[in-house]
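The next block holds one structure in the form of structure tokens; read it before the comments.
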Ligand SMILES: Nc1ncnc2c1ncn2[C@@H]1O[C@H](COP(=O)(O)OP(=O)(O)OP(=O)(O)O)[C@@H](O)[C@H]1O
Ligand SMILES: Nc1ncnc2c1ncn2[C@@H]1O[C@H](COP(=O)(O)OP(=O)(O)OP(=O)(O)O)[C@@H](O)[C@H]1O
Ligand SMILES: [Mg+2]
Ligand SMILES: [Mg+2]
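Chains as they are written, first to last, in the working numbering: chain A, 324 to 895; chain B, 324 to 895.
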């Protein structure tokens with residue numbers, strides 16, 4: 324019980340229903356049995372229910388276990404008992420037993436466990452980090468200046484136990500908002516942000532922006548919790564909202580939950596520490612000594628949030644250390660358009676990101692006796708979107724309108740055949756979709772290029788939803804009969820879809836619910852977009868013409884200008 | 324507040340921390356402000372903290388909002404306030420603010436929402452029903468006689484609003500167990516089944532049985548809740564444990580949750596109704612009038628559980644009505660081996676299911692002005708496992724041992740080529756894995772038969788995990804170089820894997836976490852099983868020999884016995 328229970332005796336109230344035959348309406352009495360022994364209890368019962376000394380009765384739980392001396396001692400506050408004539412008497416009337424069915428704390432600490440599971444070989448740890456980056460993107464969306472998201476792997480054991488810190492210079496949280504952060508499934512749609520009705524600000528959906536890069540990447544009220552408890556066992560949220568004098572801090576940990584359960588304390592009660600910036604006097608555990616320097620960084624910052632995950636699982640530490648390039652590259656892929664702007668990382672172009680403020684997502688790994696590694700996602704030049712953009716020579720833009728407000732922007736890019744090879748980029752880390760043996764039965768000319776890969780990667784509110792792809796649409800699929808465009812050209816296209824939040828994603832943001840199904844609905848209207856203008860044209864015809872033009876203009880096949888005799892090439 | 328709060332005034336205690344500069348240890352006081360107005364409050368503060376009349380102070384929330392008359396009225400029980408010298412004074416010491424972070428009730432009512440989402444075209448509603456069948460299988464596992472699971476679609480609106488009822492004759496639940504049912508994420512591993520320590524029975528893992536048909540298909544403590552709130556908006560659990568006199572009933576509904584939220588009542592408090600069997604006097608809502616006859620069926624039943632889902636979503640009703648054969652067939656697939664026994668539905672064999680008691684899973688649909696449709700899953704003869712079993716001529720059995728206790732039993736079946744066609748069965752409802760156009764580029768001889776489909780379907784504790792398949796193992800994959808067995812024979816095999824609970828599945832039981840990854844680990848030992856005996860042999864060699872034998876013995880290719888001239892066949 325909390326420290327405000329100053330009474331010496333915690334009440335132990337039991338509710339007793341009189342279910343003896345003679346009654347035809349139930350009588351219900353509440354007795355505080357804390358100070359009673361079993362005999363006193365029986366006397367009290369006789370008195371409360373006016374049972375004369377020659378009448379017999381039994382008391383039982385609602386499971387018909389008779390209350391005896393031992394069981395009486397084990398009764399808990401709130402228990403319901405039946406007063407019966409005999410233990411096997413039918414219930415003359417029904418009784419209403421009060422119950423409590425608080426979700427178990429595994430709701431929080433195991434929430435991510437089976438959500439980000441390794442999908443048969445792909446490690447999804449980067450996508451847990453993505454949930455925290457999502458939150459930081461939302462928090463920094465109204466920043467005036469640069470938006471900084473700083474991920475630090477604290478793997479230097481001279482500084483304490485391993486920890487992962489996600490730090491941003493976003494709007495921070497008031498203590499009420501920090502409290503709300505911890506409430507599982509409390510989404511932005513249902514949240515109250517203040518104690519006071521007068522201060523209430525409901526959720527305002529952001530205005531449409533190109534590529535839906537609206538930084539409004541939260542939906543379910545679970546992401547942060549799932550992510551931190553997937554990464555580790557304990558999380559300290561440290562935050563200071565803009566203009567506030569005070570820092571607010573909240574610790575959630577598996578250990579705490581287990582302790583509260585053991586001591587029969589309220590599972591979902593906790594404390595927020597309110598303190599002045601820079602004050603780390605509460606950090607007394609040696610395992611967390613790196614926090615002193617982190618907290619000292621608070622001085623002079625107007626607003627920030629730091630998510631400090633400790634108890635990081637050893638397998639995650641191993642993965643993060645040994646696959647640093649792999650997972651940072653995957654994050655560069657997920658946030659490609661946030662980091663590089665709507666045109667993406669076009670290395671040939673001198674255009675700079677003109678859409679809004681700069682976003683620095685920076686990851687550093689601090690290990691003992693090792694030079695720290697640091698990478699800014701913007702500097703990663705081998706994520707798949709960078710490869711798609713920089714190997715393509717032309718783009719076909721379109722828009723799909725689904726029902727009321729469902730809008731998907733799309734780009735198809737052409738990767739030409741140059742001299743002796745396809746330029747459609749290969750994902751060096753991809754697991755082959757189908758066993759290689761399949762290809763041996765026949766030689767398919769378009770096996771190079773995209774092959775059987777789906778055309779489209781899919782972004783939701785500007786960030787990649789990694790496990791959903793869309794294979795194609797009718798109008799951009801290779802026709803069954805040969806048409807004006809050679810078949811292999813259809814393998815030279817890649818695509819991107821940008822959906823707004825009218826399309827739903829799963830709670831782990833790994834898949835769309837039904838993007839493809841909705842896009843393929845009869846009601847969907849596709850328009851071509853040229854220079855930012857939508858054009859109501861026959862998209863199939865336009866696309867085919869575009870593809871034909873691309874082929875004629877960009878594909879450089881080797882042509883023989885004169886016959887010089889037969890030459891055997893062993894290199895093919 | 325609950326009806327046991329008999330006091331006239333509900334306390335409104337606020338906690339006040341003295342944070343004025345002169346203090347260097349925080350003083351914390353609790354004041355009940357229920358009966359106070361703002362001025363009385365200020366007077367009380369001066370008294371409690373010994374503030375002289377010439378000293379000034381401010382009171383603020385932990386978000387630094389100054390408490391004035393209006394905000395004072397809006398304070399809630401448990402709020403924390405800071406006593407400050409001035410509103411922008413730095414916190415001299417830190418304060419500990421009590422918070423509550425109960426999971427939002429969407430945790431329960433939206434739990435299934437994004438879990439059983441339509442995976443791009445496949446309706447996963449049958450898998451929500453499967454969660455309830457899982458529970459009934461567990462509950463009936465110790466039945467002496469026949470195990471009955473009775474699913475009724477109550478779509479006759481002369482009987483009330485549409486409802487789905489899942490009824491079983493299993494062990495039922497005590498009121499404590501029914502209470503536990505409602506606790507999200509309370510799994511069998513962490514549960515207490517009684518109020519009393521002395522009655523505590525921990526979870527006992529069932530002994531290994533063939534094909535892992537152990538009926539122990541629960542794991543996370545979420546399945547039932549996810550399923551019922553995916554199907555509808557409200558659920559009434561009605562149950563009677565064996566030997567009990569009483570029926571226990573619990574209603575959980577979206578509407579109730581919303582009402583409690585609106586009235587600021589405790590979200591996770593509720594009532595269990597304890598009553599005598601057959602007593603439906605509490606059903607007063609016309610929408611549920613079908614319950615009277617359901618409840619009258621209780622008489623004379625020793626044990627049962629009925630899950631009554633109402634507020635069934637219209638799209639689900641439409642799907643259930645119009646695709647009756649489709650989804651019952653899918654359930655026959657999921658529970659094939661429970662319904663038919665370890666050898667499955669072998670229609671050629673006269674063997675009867677000898678392993679344990681009979682399981683009747685029966686589904687009926689009651690619609691107005693329509694003859695009721697009823698099907699027993701055992702009578703469905705076109706589910707995929709039935710097709711695999713009955714088109715196959717021989718089977719290769721094996722076992723895989725993974726680490727300590729991970730055991731997977733496997734069967735590979737041979738579907739011969741007969742005269743002019745492959746007998747590998749086609750799934751009439753399957754969505755083609757890849758667009759049909761791909762096949763036109765070349766004619767692949769093994770395109771018939773299994774084609775590129777994975778070999779293995781995967782069962783967990785005896786029930787199908789529908790979205791996970793395993794393509795192949797090294798030893799049964801088609802070799803890159805041609806070997807002793809013609810390539811096309813590898814397309815004539817189908818397979819089944821039966822894993823025990825040492826392999827993990829996702830919370831929605833739609834996918835395995837890492838079955839394939841684990842099976843392909845270096846440590847995995849494969850043995851061949853012949854007549855139930857494991858044999859440590861070279862599995863690759865054995866399998867190849869078996870496949871070769873199958874080919875030679877069973878494949879009936881057309882042979883030309885004499886040349887009669889060239890014939891043009893237009894039918895190929
Ligand atoms: N870095 C942050 N800065 C400011 N507020 C944050 C930050 N991280 C989380 N929050 C707040 O906490 C809330 C809960 O975060 P969480 O990620 O658990 O759920 P969500 O973002 O609301 O929904 P989703 O399940 O889609 O992630 C957020 O809505 C936001 O208000
Ligand atoms: N038909 C039933 N008969 C008896 N007890 C049941 C029945 N259905 C559910 N229960 C009890 O309620 C508990 C909770 O069921 P629920 O399906 O929500 O979770 P679970 O089965 O424990 O785990 P999982 O998430 O794997 O389904 C079960 O463990 C079981 O004890
Ligand atoms: Mg989030
Ligand atoms: Mg279950």
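Ideal Cβ positions, reconstructed from N, Cα and C, are used throughout, including at glycine. Here the structure is a predicted model, which means the values were calculated and not measured.
Check whether residue i and residue j have beta carbons under 9 Å apart
i	j	result
residue 355 of chain B	residue 335 of chain B	yes
residue 832 of chain A	residue 783 of chain A	yes
residue 706 of chain B	residue 668 of chain B	yes
residue 530 of chain B	residue 632 of chain B	no
residue 469 of chain B	residue 624 of chain B	no
residue 870 of chain A	residue 808 of chain A	yes
residue 548 of chain B	residue 431 of chain B	yes
residue 475 of chain A	residue 688 of chain A	yes
residue 340 of chain B	residue 406 of chain B	yes
residue 570 of chain B	residue 533 of chain B	no
residue 477 of chain B	residue 628 of chain B	no
Proximity test, Cβ basis, 9 Å: residue i and chain A
i	result
residue 506 of chain B	yes
residue 420 of chain B	yes
residue 361 of chain B	no
residue 385 of chain B	yes
residue 415 of chain B	yes
Residue i CB to nearest heavy atom of ligand 4 below 8 Å
i	result
residue 493 of chain B	no
residue 399 of chain A	no
Contact with chain B by residue i, beta-carbon distance below 9 Å
i	result
residue 597 of chain A	yes
residue 562 of chain A	no
residue 607 of chain A	no
residue 895 of chain A	With a pLDDT of 47 at residue 895 of chain A, under the threshold of 50, the modelled position of that residue is not reliable, and the figure given next carries that caveat. Residue 895 of chain A does not count as touching chain B.
residue 541 of chain A	no
residue 863 of chain A	no
residue 922 of chain A	There is no way to answer for residue 922 of chain A, as the model of chain A reaches only from 324 to 895.
residue 809 of chain A	no
residue 325 of chain A	With a pLDDT of 44 at residue 325 of chain A, under the threshold of 50, the modelled position of that residue is not reliable, and the figure given next carries that caveat. Closer than 9 Å: yes.
residue 758 of chain A	Bear in mind that the predicted position of residue 758 of chain A carries a pLDDT of just 42, short of 50, making it too unreliable to give a figure here.
residue 847 of chain A	no
Residue i Cβ short of 8 Å to ligand 2 heavy atom set
i	result
residue 540 of chain B	yes
residue 549 of chain B	yes
residue 511 of chain B	yes
residue 379 of chain B	no
Reduced DSSP category for residue i - H, G, I as helix; E, B as strand; rest coil
i	result
residue 535 of chain A	helix
residue 868 of chain A	helix
residue 329 of chain A	The predicted position of residue 329 of chain A is uncertain, since its pLDDT is 44 and thus under 50; a value taken from the coordinates is nonetheless stated next. Reduced to three states, the DSSP call for residue 329 of chain A is coil.
residue 430 of chain B	helix
residue 875 of chain A	helix
heavy atom of ligand 1 below 8 Å from residue i C-beta
i	result
residue 630 of chain A	yes
residue 367 of chain A	no
residue 818 of chain B	no
residue 833 of chain A	no
Residue i Cβ short of 8 Å to ligand 3 heavy atom set
i	result
residue 461 of chain A	yes
residue 466 of chain B	no
In chain order, which beta strand (DSSP E) runs of at least 3 residues are fully inside the segment 685-761 of chain B? If we require 3 residues or more, the beta strand (DSSP E) runs fully inside the segment 685-761 of chain B come out as 696-699, 717-725, 729-737, 740-742.
Residue ranges of each beta strand (DSSP E) within the segment 762-843 of chain A, 3 or longer: 779-783, 786-793, 816-822
Inside the segment 635-671 of chain B only - alpha helix (DSSP H) runs reaching at least 4 residues: 637-645, 647-657, 659-663
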